[in-house]
Amino acid sequence: GAPIRVSAARAMPVREAPRTLDTCTRCELGRHATQGVAGIGPRNASIMLVGEQPGDQEDLQGTVFVGPAGQLLNQALEAATLSRDAIYLTNAVKHFKWEPRGKRRLHKTPAQQEVDACRYWLEQELTEVAPKVIVTLGATALRSVLNHARIKLQDQRGRPLRHGDTWVIPTWHPAYVLRVPDPRARTDALADIVAALRQAQALSE
Ligand code: URA
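For the sequence shown, full-length UniProt numbering gives the first residue as 306, with consecutive numbering after it.
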C-alpha cells in the first residue's frame with residue numbers, strides 16, 4: 306500500500322503533558338539549557354510579574370531574575386515599595402535560549418512557537434495563583450499573557466488592560482532598560498517600570 310506520511314512535527318516525540326520542566330519536550334529549548342527555571346512566589350500573590358525567559362545566571366542558578374536584569378528589577382521594586390517576597394515572579398519561557406559567542410552564551414529571543422509551547426506552564430501558574438494584576442515585562446511576556454502574537458508593546462505600554470478577570474500592565478523589560486544607551490532615557494525607562502509597579506499595587510488592593 307501507499308507509505309504512511311508522517312510530518313516532521315508528528316514524528317518528533319513531543320510529550321504533550323509533561324509533569325516537570327526538566328522532562329518537558331514541548332519545544333527544543335530544554336536540550337540546551339542547564340535546567341528549567343520555574344516561577345517563584347506565594348500561591349496567593351495578587352500581583353504576578355512575567356518576564357521573557359531565564360538568562361545566563363538564572364539558567365545556572367535555577368531561579369528567576371537573579372542576574373543583571375533581576376538587579377534592575379529589584380531596584381524598581383524597591384522604588385515602588387513593593388516587596389519581592391509578596392509577588393509571584395515568572396517568565397513566559399522556562400528555559401534559557403542562547404547561542405555561543407566565544408566563551409559566552411548570548412541570549413536569543415524565543416520563537417513564537419516556543420512561547421506558544423511554554424504557555425502550557427504559564428497557564429498552570431495563572432490558574433494556581435490567579436493574580437489580580439499581571440505586570441508583563443517586555444513584548445514576549447505581553448504577547449504570551451494575552452495570547453496575541455502581533456500585539457505591540459509600544460502601543461500598549463503604561464496602560465492597564467482588562468484581560469478576563471485580570472488587569473494586565475505592560476511595561477519594559479528590565480534587560481531592555483539596561484541597554485538604553487542615553488543615561489537620561491535609561492532613567493526614564495526605569496521610572497516607567499516603577500510607575501507600572503505602583504499601578505499594579507493600586508489595582509491589586
Ligand atoms: N530576564 C527575564 O526575562 N527573566 C529572568 O528571569 C531573567 C532575565
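The beta carbon of each residue, even a glycine, is placed where N, CA and C say it ideally should be.
Extent of the continuous beta strand (DSSP E) run through residue i
i           : result
residue 352 : 352-356
residue 472 : 471-476
residue 405 : 403-406
Euclidean distance between Cα positions of residue i and residue j
i           : j           : result
residue 315 : residue 322 : Unreliable positioning characterises residue 315 in this predicted model, as indicated by a pLDDT of 47, which lies under 50. The coordinate reading is nonetheless provided below. So the two alpha carbons sit approximately 15 Å from each other.
residue 519 : residue 501 : Residue coverage of the chain in this structure runs from 306 to 510, which leaves residue 519 outside it and unanswerable.
residue 401 : residue 378 : 18 Å
residue 352 : residue 370 : 16 Å
residue 359 : residue 415 : 11 Å
residue 488 : residue 442 : 20 Å
residue 430 : residue 509 : 18 Å
residue 432 : residue 439 : 13 Å
residue 407 : residue 471 : 43 Å
residue 291 : residue 334 : In the structure as shown, the chain starts at 306 and stops at 510, and residue 291 therefore has no counterpart that could be examined.
Neighbourhood of residue i by C-beta distance below 6 Å, restricted to the same chain and skipping five residues each side
i           : result
residue 499 : 381, 384, 385
residue 485 : 491, 494
residue 422 : 331, 332
Residue span of the alpha helix (DSSP H) that contains residue i, given as start and end
i           : result
residue 396 : That residue, residue 396, is in no alpha helix (DSSP H); its beta strand (DSSP E) goes 393-396.
residue 330 : Per DSSP, residue 330 belongs to no alpha helix (DSSP H) and is neither H nor E.
residue 492 : 488-508
residue 458 : 458-461
residue 445 : 444-451
Close beta carbons around residue i, own chain, < 8 Å, minus the five adjacent residues each side
i           : result
residue 497 : 462, 463, 476, 477
residue 374 : 356, 360, 478, 479, 480, 483
Contacting residues, own chain, Cβ-Cβ under 7 Å from residue i (five flanking each side not counted)
i           : result
residue 454 : 417, 448
residue 387 : 502, 506
residue 451 : 468, 473
residue 434 : 348, 350, 353, 393
residue 325 : none
Fill in: Cβ pair count under 8 Å reaching 3, the segment 361-376 against the segment 454-462
Taking 8 Å as the limit for Cβ pairs, the verdict is that the segment 454-462 does not touch the segment 361-376.
Worksheet entry | Any 3 or more C-beta pairs closer than 8 Å across the segment 391-411 and the segment 478-495 | No, the segment 391-411 does not touch the segment 478-495.
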